[in-house]
Every structure is written in C-alpha cells, then in structure tokens.
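**Q** Residue numbering for the sequence shown follows my numbering, starting at 141 and increasing by one per position. Quick one: the structure is below, and I'll ask about it shortly.
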Amino acid sequence: MVRKKDRFWSYVENLDGRFKCNFCQRNFSGGASRIKYHLARVKGNAIDICTSVSEDVQKEAYLAVGGTNKKFKSASSSSNAKESKTTLCSISKDMCHATNSEMCGKKDKNTVDKLLAQLIIVNNISFDVVQTTSFIRFVQGVAEYGPNYKLPSYVTLQRKLIPDLKVEVEEYIRNIKKSWLLSGCTLMSNIWSDVEHRAFINIIAYSPSGVIFLKSLEVSRDKITALYIKDIISSVIEEIGSDNVVQLITDNTTNSESAGDMLISKYPWLYRTQCPAYGIRLLLKEICKEVDWVQKIIIDAKSIVSYMYKDIIISSLMREYTNHKELEHPCERRFSSNFLMLRSILNVQDELQLLVVSSKWKEFNHNEKDIAKVASIIQSAEFWVQGKEVLLVLEPLVRVLRLVDSDLSIAGYLYEAMEMAKETIKQQYDSNEDKYMQIWKLFSCRHTENIMHPIHAAATFLNPAYLCSEKFIESREMKDGISFVLENLVAVEEREDFMKEVQLYRNKVPSLFTIMAKTMLKTSHPRIWWDFCGDHLPILQKYAIRILSQPCSSTLSKGYWNASDLAQTKKTNMLTSEMLDNMVYVRLNSMMMEKFNTGESRNLEPIDLYKPYELPEYVDHEQFLVDDAFSRVVEKVRKNIWLKFSCGVMEGASQPTTKHIGSDWGFTKRTKFLVSVTKNQVIWHDASDEFVGIWLVETSLAMRSCG
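What follows is the structure, given as structure tokens:
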C-alpha cells in the first residue's frame, strides 16, 4: 500500500530532498519531521524556527510533534513576551544606529571599507572579488538579514553548506550534459605551472548551454609528455562519451599538439583546432614589434601617456583640456592594449594640441628635454597621420580578438570576420605595397598557420544568415571546409544524403527558406535556426547544429584558475586530496553556473559583425609570469587604486634598485607615489621618498602584503 503524504507538505514547496517554507521563504533539507518542528517553532531540533508562521498552523504543528494545548498557550505567551521585548530592543538599537549614522556621516562606511580592505589583505584575496556577483549578493544578503546574522562555523561550511551547494552544481551539470545529445561539446585543456615546478592539467567542456569543469590533475612538469596528456584527455572522453565530443582545443605547446594528433587518430570523427586568440595576439605582437613605422608610432604614443601621468599637476591640466577624458595605458606583453592606447590619444587630438601651446603648459618647470619631446610629438602632423593608419590596421584584428575571446558559440562567424580584416589590410597594401608588404606577409602567415582551420570556413558556409546576405561569396576555402566535414565527421553511410542536402541548402530551396526561416535569420543564432527550421534536411541539420554550437578559442578556460590559485586553496584550507578535489570541483563549476545562468540569452541571438559595438565586450583573459605580474600592479596604480599598507620593511628585504623591471609615477586625488619593482618586490614610496608599503611576489601570479 502506498504511504499517504504527510499533510504538512502543503505548507512548503517540495524541492526534491529539500523544502522551502511558504511562510518565511527559507530553504532547508529534510522531510516531514523537520517541517513540523520548523513550523511548531520548537527550538533544539537541528532546524531554525519559522519567524512568520500563522498561529493556527503553528498550533497544528506543535500538537503534531507531541505538544499539548496547555503547553502551547504557555509557550506562545512566553514567546510573545520575548518578541515584544526583542522588538523594543531592536527599535531602540535601530534608533541609536540611525542617530550614530547621522552623527558620524561617512565615518561608519569608511570603517566598514577598512574592514573589507583588511580582510582582503590578511587573507590574500584577489581585489577582483568585490566585483563578483556572488560577493555582491552575499553582502546584500547580510544587509537584508540585519545585524543579528551569525557566520556559519567551519564544520557547518564543510559538512552542510558546501555539500548542499554541490547538489545544485550537480543539477546544473546534469542539464548541461543532456544538451550534448543535440549540440555536442568542445573539450578544452590547458596546463598551468608555477615557479616550484608544480603543474596542473585542467580540462573543461564547453557547449552553448554552459561550461563544465571536468578534471584538474597536479603533476610534475617533467612528467608532462604528449603521451601523458593524450591518456588523460582520452580517459575524460571515455568518461563523458566519445559521441558527445565534437572539437578539441589544446594548448599551443608541442606536447599538446602531438597529444591532439594522437587523439584524432583514436577518435577520427573529432577535429582539433588551435586557439585563434593566441594566433591573433602573436600577429599583433609582430606588427607592433617588427614593423618599424608602426613601432615608432607606438613608442611615441607611450611617451605621451607616460609624461601626461608622470605628475599629478600635468595630469590634472590634461584633464582640464580633455574634459576629463583619460588616456588608456599600455600593458607590457598585451599588445591589444597598444590599439586602445593609441585610439584614446587620437580621440583627443585637438585638445592635446591646444594643451601644449597653452601658457600653463609653458610654465612647467619639469625636465625641458622630456617636455620638448612630448610637445614635438603632439605637434607633429606625421604622428597623427601615421597613428590613424596604425589604427586602421589594428582595429579589424582587435575586433576579431573581441569575437573569439568571448564565451559564445562563434564558429560560424570567425571566417567572415577574418575575411573582413583581410580585406582592410589588402586595401592598404594595394595603396602602398612597400609600406604594407611586411604587414601583409605577417597576416598571411598567421592566418594560415595559427588562426584558421577548414572547419571555420565550413561553419561560415552553414551560417544561413551569411549565405543569404549580399556579401556572400562562395570561396574555395568553403568548399574545402565542406569536403573536410564530409571526409572526417560524416558517417560513411550518410555521405551521399549529406551532399544532396548541401546542394539543396546551397540553392536556397523554398521549402527550407520559408518566410518564418527568413525572419529567424535576423533574430536567432545559426544553430537555433537549424534546430527550428532545418527539419527538411535532417542529415545536414544534425552536423550543422553540432559544428555551429562550438567556440573557437580556449581562452575561456583560462579565466577561472591558475596553478598558484589551486595550490593556495590546498595550503590555506589544509585539505586532504579528496577534499581538495571536491572543493575545486564545486568552486569552479559554481563560478561557471553563475556566469552562464545569467547570460543564457546571449547565445541565442545572432552576431552582427558590421556593428562593432554589438560584439562581445573584449576582456583580456591572458595571464603571464612574474614580469607581467609587476606590470599589472603598475597598471592598477595608474588607474588610481590607492593602497596604503601599515607594514614596515621585512627583515632582509632589499632596497629598491634603480634598474626597474617596470616603474612609474602613480597618482590619486590625495597624493602621488613611486612604484619601484625589484626582482621579487613591489615597493611604494611617496613623493618625499617616505616608505609606504611593500608587496612580495611569491609565485608567478600570487602576491601578498607583508603584514
């Protein structure tokens, strides 16, 4: 006989192993017994009492757990008396708090801000945490709960809250894996290592529905061979099902590329691509470093920015003339920042030219050589003409970088975007072959060797919006791409039907391109279009959806972790190997769940490459070794981030040297200070050379204060 469901379930929402109270809206794990104690407001039964339950329901629950009418009335009277007293105390406290806030003004907020700064410094937490959605939601939740909120204990975190979060994460993962039946997924692997020769091999799976962190292994760098990487990725493929994997994107190392080739031999229906973002960054580096006339403009632009922010007086005067528009700062080894820097300068050309001829500028008593050099650059017509030409070359490449560095399914757009960049550079080359010969050769080389793959041309051909556009040109690369798909992806028994359907699609048959289908070209991502409109061509539909659902870049996987981060997690939490794996698994998948649950709609819409402001916002995910860690600190100083450490020079700390890896004058509204970078330190001094603070660089990317 089926057991009758307890009547108290009608007062809560069943969440499969958990329940949500209809009165207080809080979530708890457990069943009917815990529901009764919660509603009865009986303390001491491992569940919080309900603060909003109606008296009749409370009485019903109280009697159900063994209480009597007499005891209920007594408990109710006592509870009401306590609540009245608590309410009066709360009102009194609120009035005092309000009075104190009014008396202290911003002092109270400053106190809280200092507590936050101390928390971040003492616990070695990244500054970026204050911008994360999870941290903001936590702070808002505490504020809404009120001053009586108590932090959970270490045991509660370890044994209850983390396992509960893992349940939510596993539900997210199950839903993602279900979507692989239609879209398949891309496996991305990358290797992080630190100065202590520890290395982590991380593997994630991407699909339009979201990203899943699958595995992270800590190994010695000496053991990382092509065969070792191949065996690890192969085990993951077998675990998730080889039919679910469409594409492999690996690191651009020799071992990773060899491992990828071995995997394709084992799973011939997969394809392996290089990371286009890596190839584009190499191309930007080569153009900025190897093309003499471009390099000269970049150096001159850096001189302008460096001088304008060298002194607070100069920078204030600059803002006065530019209407508070700032100049972008270049970042060492991030060559896309050269484009942003140069564009910011060209945007205020007239203002800067007025600045250097003003009487206030001429009154400066700074180094005459430096001020004359900067003024000469700004007044030079050649700088502005050549600067615009540099922007013309770099802009289409940066736009492609913005595209591929996103977390969207953009396989159907890369070929078209690169053709647009190619056309722009070709036009410049045709106008002046001698000047643009080297840039054209660099572009052609990287285009073939590091950026494009035949699958990208095939994906663009399968993008129906491009097929139906006036700009569509059926190229040899597209035909080669379809040939690649036929030979490597399509099952032998489906090849004839596949090519018949390709021809029907190519001819835009009316049965496929109906009014509804033509309308959806403007409203839906290509993979959505094929899923909804492609039923007349079932074989082509299946492969088109899987190809168009994939990303092009592996930089997505680099924005979530690094070796020192994982090592620090183990060190600071003193976790066992199993607990560490569980912690990392829950943490990284929680980050991905949060990211993709808030941005689902972005992967449903088409991308218009001809409207640059509709492209995904460019975020540089690259991380670098020790020398670039310094440049990031200096960049933060330049962006007016003020940090004043209350620590002294550590015993044995070396004094700042005159030979800096990177140093610059920084400024804030309050003061200015010098950043000196030695081999393993970042040291702050104010204008009078008084010591302010020091950071030690322990690993390639991990920095902490000396407090």
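Glycine included, C-beta positions come from ideal geometry on N, C-alpha and C.
1. Relative to the alpha-carbon of V530, which residue among K465, E617, D440 and E508 has its alpha-carbon at the smallest distance?
2. Mind checking D547: buried by the 16 CB within 10 Å criterion, or exposed?
3. Return the Cβ separation of R181 and V193 in integer angstroms, given the expectation that the two are a contact with Cβ distance under 8 Å.
4. For the alpha helix (DSSP H) containing K425, list its first residue and its last residue.
5. Secondary structure at K269, three-state DSSP: helix, strand or coil?
6. By the three-class DSSP mapping on this structure, what secondary structure does W433 have?
7. Give me the Cα-Cα distance between I550 and W320, rounded to the nearest whole angstrom.
8. Could you name each continuous alpha helix (DSSP H) segment of 4 residues or more that falls completely within the region 342 to 428, going from the start of the chain to the end?
9. Is the beta carbon of I679 sitting closer than 9 Å to the one on L602?
10. In the DSSP assignment, the alpha helix (DSSP H) including R646 goes from what residue to what residue?
11. Secondary structure at T627, three-state DSSP: helix, strand or coil?
12. Report, in whole angstroms, the separation of the C-beta atoms of P416 and N628, which I expect to be a contact under 8 Å.
13. Would the region 481 to 496 count as touching the region 442 to 460 if we require 3 or more Cβ pairs under 8 Å?
14. Does the beta-carbon distance from L322 to I685 come in below 9 Å?
15. What residues in its chain sit with their C-beta under 6 Å from that of V630, if we drop five residues either side in the sequence?
16. I341 and I369 look like a contact to me (Cβ under 8 Å); what is the Cβ gap, rounded to whole Å?
17. Among the residues of its own chain, which have a CB less than 6 Å from the CB of I591, if the five just before and after it don't count?
18. Since R147 is in the alpha helix (DSSP H), which residue starts that stretch and which ends it?
19. Taking only the alpha-carbon atoms, compute the straight-line gap between T251 and N288 and give it to the nearest angstrom.
20. Where does F504 fall in DSSP's three states?
21. Would Y853 and I175 be called neighbours here (beta carbons separated by less than 9 Å)?
22. Among residues of its own chain, excluding the 5 on either side of N154, which ones have a beta-carbon nearer than 8 Å to its beta-carbon?
23. Which class does A339 belong to by DSSP, given the choice of helix, strand or coil?
24. For L492 and K509, what's the separation of their Cα atoms in angstroms?
25. Tell me which residue opens and which closes the alpha helix (DSSP H) that C585 is part of.
26. Please work out which residues of its chain come closer than 7 Å, Cβ to Cβ, to G552, disregarding the five sequence neighbours upstream and downstream, and give them in chain order.
27. Check this for me: beta carbons of I316 and L354, under 9 Å apart or not?
28. Would you check if the region 495 to 505 and the region 524 to 539 touch, i.e. whether three or more CB-CB distances between them fall below 8 Å?
29. Check T695 in the structure and name its three-state DSSP category.
30. Quick one: grab the DSSP three-state call for V152.
31. For a test of the three-state rule: what should DSSP assign to R166, helix, strand or coil?
32. In three-state DSSP terms, what is F159?
33. Is there a Cβ from chain D that is less than 9 Å from the Cβ of L607?
34. So which of Y461, E310 and K425 has the shortest CA-CA distance to N729?
35. If you run the structure through DSSP and keep just helix, strand and coil, what is M592?
36. Answer yes if the region 343 to 353 comes into contact with the region 323 to 330, meaning at least three C-beta pairs across the two stretches below 8 Å, and no otherwise.
**A** If we stick to the structure as given:
1. Counted from its first residue, the sequence shown places residue 530 at position 390. Looking at the Cα atoms, D440 is the closest of the given residues.
2. Locating residue 547 in the sequence shown gives position 407, counting from the first residue. By the neighbour-count rule (16 or more Cβ atoms within 10 Å), D547 is buried.
3. Taking the sequence shown and counting its residues from 1, the one referred to as residue 181 is at position 41. Taking the sequence shown and counting its residues from 1, the one referred to as residue 193 is at position 53. Contact holds; Cβ gap of about 7 Å.
4. Taking the first residue of the sequence shown as 1, we reach residue 425 at position 285. Start and end: P416 to E430.
5. Translated into the one-based positions of the sequence shown, residue 269 becomes position 129. The identity of residue 269 in the sequence shown is Val, whereas the question assumes Lys. Correct three-state label for V269: helix.
6. As a first step, residue 433 is located in the sequence shown; it is residue number 293 there, counting from the start. If DSSP states are grouped into helix, strand and coil, W433 belongs with the helices.
7. Taking the first residue of the sequence shown as position 1, residue 550 is located at position 410. Taking the first residue of the sequence shown as position 1, residue 320 is located at position 180. Taking the straight line from one Cα to the other gives about 17 Å.
8. 366 to 380 and 394 to 406
9. Stepping through the sequence shown from its first residue, residue 679 is reached at position 539. Stepping through the sequence shown from its first residue, residue 602 is reached at position 462. No, Cβ-Cβ distance for I679 and L602 is not below 9 Å.
10. Within the sequence shown, residue 646 is the residue found at index 506, counting from 1. Run containing R646: R635 to R646, per the alpha helix (DSSP H) assignment.
11. Taking the first residue of the sequence shown as 1, we reach residue 627 at position 487. Note on residue identity: the sequence assigns Glu, not Thr, to residue 627. Residue state, collapsed to three classes: helix.
12. Taking the sequence shown and counting its residues from 1, the one referred to as residue 416 is at position 276. Taking the sequence shown and counting its residues from 1, the one referred to as residue 628 is at position 488. Incorrect: roughly 19 Å between the Cβ atoms, too far for contact.
13. yes
14. To locate residue 322, count along the sequence shown from 1; it is residue 182. To locate residue 685, count along the sequence shown from 1; it is residue 545. The answer is yes: Cβ separation under 9 Å.
15. Taking the sequence shown and counting its residues from 1, the one referred to as residue 630 is at position 490. So the qualifying residues of the chain are F638.
16. Sequence index remark: in the sequence shown, residue 341 carries index 201 (1-based). Sequence index remark: in the sequence shown, residue 369 carries index 229 (1-based). At roughly 7 Å, the Cβ-Cβ gap stays under 8 Å, so I341 and I369 are in contact.
17. Residue mapping note: residue 591 aligns to position 451 of the sequence shown, counting from 1. Correct list, in chain order: P416 and G419.
18. If you number the sequence shown from 1, residue 147 lands on position 7. Element bounds for R147: n/a, residue is neither H nor E.
19. Stepping through the sequence shown from its first residue, residue 251 is reached at position 111. Stepping through the sequence shown from its first residue, residue 288 is reached at position 148. Cα to Cα, the separation comes out at about 19 Å.
20. Stepping through the sequence shown from its first residue, residue 504 is reached at position 364. Three-state DSSP puts F504 in coil, outside helix and strand.
21. Coverage of the chain is limited to positions 141 through 847, which leaves residue 853 absent and any answer about it impossible.
22. Indexing the sequence shown from 1 puts residue 154 at position 14. Once the five neighbours on either side are set aside, N154 has no close Cβ partner at all.
23. Counting from 1 along the sequence shown, the entry for residue 339 is found at position 199. Correct three-state label for A339: strand.
24. Counted from its first residue, the sequence shown places residue 492 at position 352. Counted from its first residue, the sequence shown places residue 509 at position 369. Each residue's Cα considered, the two are about 18 Å apart.
25. If you number the sequence shown from 1, residue 585 lands on position 445. First-last of the alpha helix (DSSP H) with C585: E573 to R586.
26. As a working mapping, residue 552 is identified with position 412 in the sequence shown. These residues qualify, in order along the chain: A599, T600, L602, N603, P666 and L688.
27. Locating residue 316 in the sequence shown gives position 176, where the first residue counts as 1. Locating residue 354 in the sequence shown gives position 214, where the first residue counts as 1. It is not a contact, given that the beta carbons lie outside the stated cut-off.
28. no
29. Locating residue 695 in the sequence shown gives position 555, counting from the first residue. Three-state result, T695: helix.
30. Translated into positions along the sequence shown, residue 152 becomes position 12. In this structure, V152 counts as strand in the three-state DSSP scheme.
31. Counted from its first residue, the sequence shown places residue 166 at position 26. DSSP places R166 in coil when its eight states are reduced to three.
32. Translated into the one-based positions of the sequence shown, residue 159 becomes position 19. DSSP places F159 in strand when its eight states are reduced to three.
33. Going by chain labels, chain D is absent from the structure shown, which holds only one protein chain.
34. The sequence position of residue 729 within the sequence shown is 589, counting from 1. Checked all of Y461, E310 and K425; the closest Cα to N729 is E310.
35. What you label residue 592 is simply residue 452 of the sequence shown in a count that begins at 1. If DSSP states are grouped into helix, strand and coil, M592 belongs with coil.
36. yes
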